[in-house]
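A short worksheet on the structure shown next.
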Ligand SMILES: [Zn+2]
Ligand SMILES: [Zn+2]
């Protein structure tokens, strides 16, 4: 039996450019243009040459989306425990410590209150750099609390996902983050607050199979991989020939799974318009 | 623009046997065996040679399904009016009068209380012989009242459909029988009573697009045509090559639209089991 | 009332028509206020019973290639519109558009059939003929409306549901039924306007609203004139005769209690002046929503059901 | 309590485990009565902490080819069963069975994954790996259960949702999410039992019940041992090591608060005696339903949500 939760999803562009594993992160995998980091930051990390959307780290994403100075982080102190004393080639606790040092984040999701285009909302943003954006107990709990805060403030929740799936090192408890976040969305719905789900590259496995797919509106960035099972595992398991755009946002759009593909530069005003729509409900 | 409501659906077997329009109704269109009427009545109008299901008139259907002596007809006096003073090659009123004489029925649906395998239910049975089983105001009203009676007696409603669609001669009012019967089913649901929908050949157009498809359980007889648009109109409009089993129960089953295909001989015990299931709910 | 001879004649005619209406067991909209007086005003406004030529004129105007389509109205009557795509299962059906709209200072959910203006878009939109996927998209946004208490508006303009092999295989009939059921069950206020062709099951699937309106030159029918002629006259060329017989025009739909009101079109019809047609449509939608918004959701749903349960004419 | 030396040692071990459990912020099932005492009884019954070999034995038994599947249990524990087919949209997924069942003198709705016994049926059933169509079928009968107030029972036994191109195109992830949401929202009582492999998203899709049980030798996991080994050890051959690390066995799932109780299997495991396995399963399902049936539907839903909201271990 093959894994359905493929946390090894890295970057489909990287996969295409074979043997290009050591490509510099600021070199465009599509047109091979190279940029200084401040250049890319200026362009919201979209390649000015070809439009390729580079990954965006969580804090930078918040800066891109939220009105300056409005983001107030919550639950920053939450950390993953190690309920299984998990040890593969290394200890889970070591992996966590290393990820925190490398990313400056406590786990793969940041959440808090914000305003986007002067509309209040709750914001929950994932960071793929923290253990592949995998969802363990901390990510689940932070997302669930973001739902609670949105409900109590009567504002929409905007989630930005980037995830390889569930966090294997927490075993069955990582799987339980699927129903946990689903329940949190249900409570958000009971409070009549909207979930605007922004799926960025990659949104896969457990995150796609839970809260990310339950958005009242589902938006994706161009070229993002949105798949329950990543292309590598599908290929290995089924030996099927995969379509060129397998699992990409564009394919998902064609099959009716996303409401809109919005280029990064238009994302902020687009979300602002949606917030205006949903805030009028109250 | 082609018609979507094809009341000219007759008998797919007849269509296949080209030029065989004058086939005797008791000659099997599939294996060409011929039977006396009492022979066919004995076999529930299923060809003993090949299993072909001949059409069954409403009163005979009731005799097949209901426990002897339990059926108590209601609304037998309801008759179609002619709100549009409709006249094509002949007057609608003449067509109605002729259909009544030919079939001995007031309109294309008979309804009333019954018991099946000693389980109480409401029964609504259509008769294709009355103007192609077309649904006008009288069929709609009788079906709706059957829902009401089932709700007030807290028993399931068993419907047996055979219909070419809406009754054109009542114009837009015939179309309104779709939402009317849908609303009646909604009220049945609010009363927590089940609808067991038995689709027989042919269940098409307006009847398929309203109450017949809203069964808690949907059962079909083998070989029945269940299509919103009949094969002739699809063929004429789209010039597509139709699959051999286009629109048949077997195709509908493969595509997930019916719960079970039940041969006529097994229908009564099958419905009896379902009634037992639903009657335990109260 | 000050009366000229001609207005006397008019009034007599109206009285006759109302009397005839009262005789018919049209048990419409119990509890809907101002029924008869509104009907009177509307019939009044429309003048005499439409002739066969009038009816055919409506058919032609309803299908006119310059007639405004759903998105033409959306851009004129909505302050903002975010289109939502996809049925979450299989496809996004371009024959039906759905989205969040700002209308009259508030958010509504809007669904409408969409035909195409030029040949390329017409093909893309499949001439406004919907697949099951389109009804599923509509149902999805109906549920969105209910979750957020957004009023729900539909614009109907379709020759009918698409009569193709795949559409059948995907359950065309069943989804038309389920779409109606979902709309009947909505807790939020709803209004439908037939803005062009209200073609049979494909139209009625998204027309189960608290108030159903029709533009002056729209048609609403169980079958196309050509289809009816082909079946009953065995000659599609008799379409005009068929239309006169089954009366798909707004005046007759109003008389039969199928629609609650007629939305006036500018002189020369909606194709002649999109802006004015949109203004008049917006006004009617606003008025219709205002009528049903004050009701308690359960009571509104009950009245909606009663409205459709009462459809039909029969003898007892 | 009369104590022999060995039972003293046992009790000490149990106390330690319970103490450890209490330290963990497992905020499980607030309001679920008898939590700790039941847990104690169950852990008691199971004896000591499972070893790596014990865990692997469970993996093997959970996948054993003679293990009873959903329909084997249905024919043994239900007085009658009418299978319902189809998702009303596209297909009938044979990897999942659904139907109306008479159980314990009343009607319930039952859904379960279904593997195949021989090679032909295995292929037909796709090894119990579900397509989105299967989850839609499950959702349809969930709604049927709610409409008629039938208790809802699911049996979980799948390696996982099917990882194929079509399944992805039809929205595998989204339907797993929506299926969970539908199950969470049910007004009726529900119980789930993992009867074999509880494989990741494909399993959890139909496992959001008021009470979640697990057979003694079933496994419930976020990934297969082979998949985990391939990713973390870069060697699928290290499956046994992986299983020992991520602990998919019933004892650990109970300790972690993921399941509410363990359903005993006959000596030698369920494959050895289908009848006795079915009897024991029926007993547990009956007891679990009896616990939640008396609750008010709203309260039951609230508790169900709280149960799953509390899943996880983190540091604050
Ligand atoms: Zn580039
Ligand atoms: Zn024969």
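Chains as they are written, first to last, in our numbering: chain A, 550 to 831; chain B, 550 to 831; chain C, 1278 to 1593; chain D, 1278 to 1593. Beta carbons are placed, not taken as given, at the ideal position from N, Cα and C, and that holds for glycine.
Rounded to the nearest angstrom, what separates residue i and residue j at their Cα positions?
i, j, result
"residue 1353 of chain C", "residue 1341 of chain C", "19 Å"
"residue 1417 of chain C", "residue 1420 of chain D", "16 Å"
"residue 678 of chain A", "residue 722 of chain A", "21 Å"
"residue 1572 of chain D", "residue 1411 of chain D", "30 Å"
"residue 636 of chain A", "residue 803 of chain B", "47 Å"
"residue 823 of chain A", "residue 1359 of chain C", "8 Å"
"residue 1490 of chain C", "residue 1533 of chain C", "13 Å"
"residue 1375 of chain C", "residue 619 of chain B", "50 Å"
"residue 628 of chain A", "residue 744 of chain B", "53 Å"
"residue 1497 of chain D", "residue 1475 of chain D", "4 Å"
"residue 1455 of chain C", "residue 1486 of chain C", "15 Å"
"residue 1556 of chain C", "residue 1391 of chain C", "19 Å"
"residue 1478 of chain C", "residue 1438 of chain C", "7 Å"
"residue 1503 of chain D", "residue 1436 of chain D", "11 Å"
"residue 742 of chain A", "residue 699 of chain A", "7 Å"
"residue 793 of chain B", "residue 600 of chain A", "49 Å"
"residue 828 of chain B", "residue 705 of chain B", "7 Å"
"residue 788 of chain A", "residue 779 of chain A", "13 Å"
"residue 605 of chain B", "residue 1527 of chain C", "40 Å"
"residue 1445 of chain D", "residue 1427 of chain D", "32 Å"
"residue 631 of chain A", "residue 578 of chain A", "36 Å"
Taking residue i as the reference, which of the options has the closest Cα?
i, options, result
"residue 1389 of chain D", "D:1554, D:1533 and D:1484", "D:1484"
"residue 720 of chain A", "D:1358, D:1525, D:1339 and D:1369", "D:1525"
"residue 759 of chain B", "B:779, B:769 and B:726", "B:726"
"residue 658 of chain A", "A:822, A:675, A:593 and A:652", "A:675"
"residue 765 of chain A", "C:1446, C:1386 and C:1591", "C:1386"
"residue 608 of chain B", "B:602, B:600, B:617 and B:601", "B:617"
"residue 1585 of chain C", "B:813, B:613, B:666 and B:728", "B:728"
"residue 593 of chain B", "B:812, B:825, B:826 and B:776", "B:812"
"residue 1506 of chain D", "D:1536, D:1522 and D:1446", "D:1522"
"residue 1423 of chain D", "D:1574, D:1582 and D:1583", "D:1574"
"residue 1367 of chain D", "B:613, B:805, B:809 and B:819", "B:805"
Closer than 7 Å by beta-carbon distance: list the chain F residues that pair up with residue i, in chain order.
i, result
"residue 742 of chain A", "Of the chains in the structure shown, none is chain F; the protein chains are A, B, C and D."
For residue i, which of helix, strand or coil comes out of DSSP?
i, result
"residue 1407 of chain C", "coil"
"residue 1356 of chain D", "coil"
"residue 1345 of chain C", "coil"
"residue 1472 of chain D", "strand"
"residue 623 of chain A", "strand"
"residue 806 of chain A", "coil"
"residue 1594 of chain D", "What the structure shows of chain D is the stretch from 1278 to 1593, and residue 1594 of chain D is not part of that stretch, so it cannot be assessed."
"residue 687 of chain B", "helix"
So with CB distances below 8 Å, who are the chain C contacts of residue i?
i, result
"residue 643 of chain B", "Ordered by position in chain C, no residue passes the 8 Å Cβ test against residue 643 of chain B, which lies about 13 Å from the chain."
Could you list which residues in chain D have their beta carbon closer than 9 Å to that of residue i, in chain order?
i, result
"residue 829 of chain B", "1379, 1382, 1383, 1384 and 1427"
"residue 680 of chain B", "Residues of chain D passing the Cβ test: none, with the nearest at roughly 29 Å."
For the beta strand (DSSP E) that contains residue i, what are its first and last residues?
i, result
"residue 1434 of chain D", "1429-1435"
"residue 1374 of chain C", "1373-1380"
"residue 836 of chain A", "It is not possible to answer for residue 836 of chain A, since the shown part of chain A is limited to 550 through 831."
"residue 1610 of chain D", "Residue 1610 of chain D cannot be examined here, being either before or after the span of chain D that is shown, 1278 to 1593."
Where does the unbroken alpha helix (DSSP H) through residue i begin, and where does it stop?
i, result
"residue 783 of chain A", "780-787"
"residue 670 of chain B", "Per DSSP, residue 670 of chain B belongs to no alpha helix (DSSP H); it is in the beta strand (DSSP E), 668-675."
"residue 848 of chain B", "For chain B, the structure presents residues 550 to 831; residue 848 of chain B sits outside this window and is missing."
Can you find a heavy atom of ligand 4 that lies under 7 Å from the Cβ of residue i?
i, result
"residue 579 of chain B", "This structure lacks ligand 4; its bound ligands are ligand 1 and ligand 2."
Using a C-beta to C-beta distance shorter than 8 Å, which residues of chain B count as neighbours of residue i?
i, result
"residue 1362 of chain D", "802, 805, 807, 808 and 809"
Starting from the beta carbon of residue i, find every residue of chain D whose beta carbon is closer than 8 Å, and list them in chain order.
i, result
"residue 765 of chain B", "1421, 1424 and 1425"
"residue 735 of chain A", "1458, 1461, 1462 and 1582"
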